[in-house]
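Heads up: the structure comes next, in structure tokens.
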Amino acid sequence: MKKRAGMLSVVFVIISLIPFFLTLYPEAFSEYLFLISVISYFIAIIFALIAEKGVWKVAAITLLVIITVALIAFYAFMGIFWNQP
621 MKKRAGMLSV
631 VFVIISLIPF
641 FLTLYPEAFS
651 EYLFLISVIS
661 YFIAIIFALI
671 AEKGVWKVAA
681 ITLLVIITVA
691 LIAFYAFMGI
701 FWNQP
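First residue of the sequence shown: 621, per the working numbering; consecutive thereafter.
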């Protein structure tokens, strides 16, 4: 299981990104897209933590860090520049 956990983590990261791309099309909007994304992201974190050291673990953790920093930067940008009284 530890050998495949890194690869599964990358797969779940990709699954967690799919709902964000689906929101580009308003007719595909569903109320469960955010829930699917969050659950897949946390499953990816769990698999990345239990994976053996190797390329897949590094790739999974790198993707998770990039997504986390991008989301934090997005909400920080929104809070600073789009906050209107």
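Beta carbons are placed, not taken as given, at the ideal position from N, Cα and C, and that holds for glycine. The model shown is predicted, which means the values in this text are computed figures rather than measured ones.
Item                                                                                                                                   : Value
Under three-state DSSP, which class holds W676?                                                                                        : helix
How would you label V675, buried or exposed, when you count the other beta carbons within 10 angstroms and need 16 or more for buried? : exposed
Can the beta-carbon of Y661 be found less than 8 Å from the beta-carbon of S636?                                                       : yes
On a Cα-Cα basis, can you pick out the residue from A679, A671, L691, T682 that is closest to K622?                                    : A671
According to the Cβ coordinates, are F701 and A664 closer than 8 Å?                                                                    : no
Does DSSP classify T688 as helix, strand or coil?                                                                                      : helix
In three-state terms, what does DSSP make of M621?                                                                                     : coil
Where does Y695 sit, in a helix, a strand or coil, going by DSSP?                                                                      : helix
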